[in-house]
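Only one structure is covered here, and it is reproduced in the block below.
Chains as they are written, first to last, in our numbering: chain A, 331 to 682; chain B, 121 to 258.
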């Protein structure tokens, strides 16, 4: 699923809402042992969107952070693809608002993507293909979510909000996407039926035949197709529905803590669904040096995984020079804790 | 707010674009098509700074939301709501909510930056409205 045309990430930006809720606070309401939950999920807290935040506002903030790092005229963006499972409209693309909010030229194509938590990487693959096919000089793509969880559901501990967008092109590339491949099957591990407010899931079924099978198969496929070894990579990032799954997948594949630690943010912000692996990639790009090799594998229920092999280029140093755009660390540090009832209020569930 | 009225204003709601008189240089926000000083119709779009300082503010503690969410515009806002007049550049002020803070954190002269947030839901089935709000610079 790739060719020899060089293209990749020209800039990137992320956004994580300011509010956080601690695992202890949710465990208190669910009547569970907080320490046991924290240990079981490898999770301390999660992000909570503000009352006026949704996938559109998160995408706009991430897009603006992405573009503020470059001097690129937004009029040169020919495609905007945003993946989410919480697009505010069922009919009216999130990308249309993002395009106007970044002053893009209407001479562009926009589409929203859906594939559970891997909608963002699916959007990146499509945006990359547009650039490689010369159908777009630049594409802006990625994923954002304000994840939903029914009260009392185990997902309530992890369902979080955040997003990351990437400007893809052929010039001034800071990280070349050298290869991408996918692994997709029909696996009913997690779903949301039409008109339903909250998703449903198959409990323990979401592990072995779903998350682990697809993450491992897709990553092994990428290694086979590129001839790379696990030890060739400086960084590895995986989808992170919780900290435990991420760590187990990384270890199953043979990655060391040094390789996977910077991509793991779930213990601090929860599972940001379509944003999860991509915000992890942003954190890696905030730290990576030219020549570093990065592996990323997403996972989306239903089910599928997208894998990417990226190599960091010299231009990343230039992008960082004098950069005042908030990085992942900024968002991790600027937080305000809320109680369970405040979280309910922010979700406006009090008004029924 | 009627859909056409919201839609016509999205450029200034989303991007804080004002207008500037080519003759005298006066900047307007929201945009004007004729300069109030010299009657010139030659005005150009003028992007405003996304950072500014608070000139004055008030705190609202009565909910603006319509819990019934029926037929009316629901103002999407957290209570208590801090409304401030913000100077973006000399002579150009905007009135907007200051979010993600406690009212006691805000002082006249505080520096703020624009963020993109939802401001309105037209009932449960209608359009969603987005615009600028501000937060304290950190």
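Every residue, glycine too, gets a C-beta built ideally from N, C-alpha and C.
None of these values were measured; they are calculated from a predicted model.
Going by the DSSP bridge assignment, what does residue i pair with across the sheet?
i: residue 231/B; result: 173/B
i: residue 205/B; result: 176/B and 215/B
i: residue 601/A; result: 489/A
i: residue 625/A; result: 566/A and 639/A
i: residue 255/B; result: 219/B and 233/B
i: residue 409/A; result: 439/A and 469/A
i: residue 242/B; result: 193/B
i: residue 248/B; result: 241/B
Alpha carbon to alpha carbon, how far is residue i from residue j?
i: residue 651/A; j: residue 571/A; result: 34 Å
i: residue 638/A; j: residue 433/A; result: 30 Å
i: residue 216/B; j: residue 253/B; result: 6 Å
i: residue 646/A; j: residue 603/A; result: 27 Å
i: residue 202/B; j: residue 123/B; result: 26 Å
i: residue 614/A; j: residue 152/B; result: 46 Å
i: residue 158/B; j: residue 221/B; result: 41 Å
i: residue 474/A; j: residue 161/B; result: 42 Å
i: residue 391/A; j: residue 155/B; result: 33 Å
i: residue 470/A; j: residue 413/A; result: 11 Å
i: residue 449/A; j: residue 648/A; result: 30 Å
i: residue 229/B; j: residue 200/B; result: 20 Å
i: residue 404/A; j: residue 398/A; result: 10 Å
i: residue 658/A; j: residue 143/B; result: 45 Å
i: residue 343/A; j: residue 541/A; result: 26 Å
i: residue 429/A; j: residue 366/A; result: 44 Å
i: residue 599/A; j: residue 380/A; result: 14 Å
i: residue 611/A; j: residue 224/B; result: 37 Å
i: residue 213/B; j: residue 147/B; result: 10 Å
Does residue i come within less than 9 Å of chain B when only Cβ atoms are used?
i: residue 431/A; result: yes
i: residue 676/A; result: yes
i: residue 390/A; result: yes
i: residue 423/A; result: no
i: residue 519/A; result: no
i: residue 658/A; result: no
i: residue 650/A; result: no
i: residue 427/A; result: yes
i: residue 394/A; result: yes
i: residue 664/A; result: yes
Closer than 9 Å, CB to CB, is residue i near chain A or not?
i: residue 129/B; result: no
i: residue 198/B; result: yes
i: residue 236/B; result: yes
i: residue 142/B; result: no
i: residue 213/B; result: no
i: residue 148/B; result: no
Listing by chain order, which chain C residues have their CB less than 8 Å from the CB of residue i?
i: residue 380/A; result: Reference to chain C is not applicable here, since the protein chains of this structure are A and B.
Counting only Cβ pairs nearer than 7 Å, list the residues of chain A close to residue i.
i: residue 252/B; result: Those within 7 Å of residue 252/B in chain A number zero; the least Cβ separation is about 10 Å.
List, in order along the chain, the chain A residues whose C-beta lies closer than 9 Å to that of residue i?
i: residue 181/B; result: Per Cβ cutoff of 9 Å: no residues; residue 181/B is ~15 Å from chain A at best.
i: residue 256/B; result: Residues of chain A passing the Cβ test: none, with the nearest at roughly 11 Å.
i: residue 126/B; result: Correct list: empty, because the minimum Cβ distance to chain A is about 12 Å.
List, in order along the chain, the chain B residues whose C-beta lies closer than 7 Å to that of residue i?
i: residue 418/A; result: 248
i: residue 384/A; result: 238
i: residue 387/A; result: 236, 237, 238 and 250
i: residue 348/A; result: 220
Would you list, in sequence order, the uninterrupted alpha helix (DSSP H) runs of no fewer than 4 residues that lie entirely inside the segment 492 to 575 of chain A? Runs of alpha helix (DSSP H) with 4 or more residues, each lying fully within the segment 492 to 575 of chain A, are found at 543 to 556, listed in chain order.
Alpha helix (DSSP H) runs contained entirely in the segment 123 to 167 of chain B, provided each spans 4 or more residues: Listed in chain order, the complete alpha helix (DSSP H) runs (minimum 4 residues) inside the segment 123 to 167 of chain B are 123 to 128 and 130 to 135.
Would you list, in sequence order, the uninterrupted beta strand (DSSP E) runs of no fewer than 3 residues that lie entirely inside the segment 334 to 369 of chain A? The segment 334 to 369 of chain A is shown to contain whole beta strand (DSSP E) runs of 3 or more residues at 338 to 345 and 349 to 352, in chain order.
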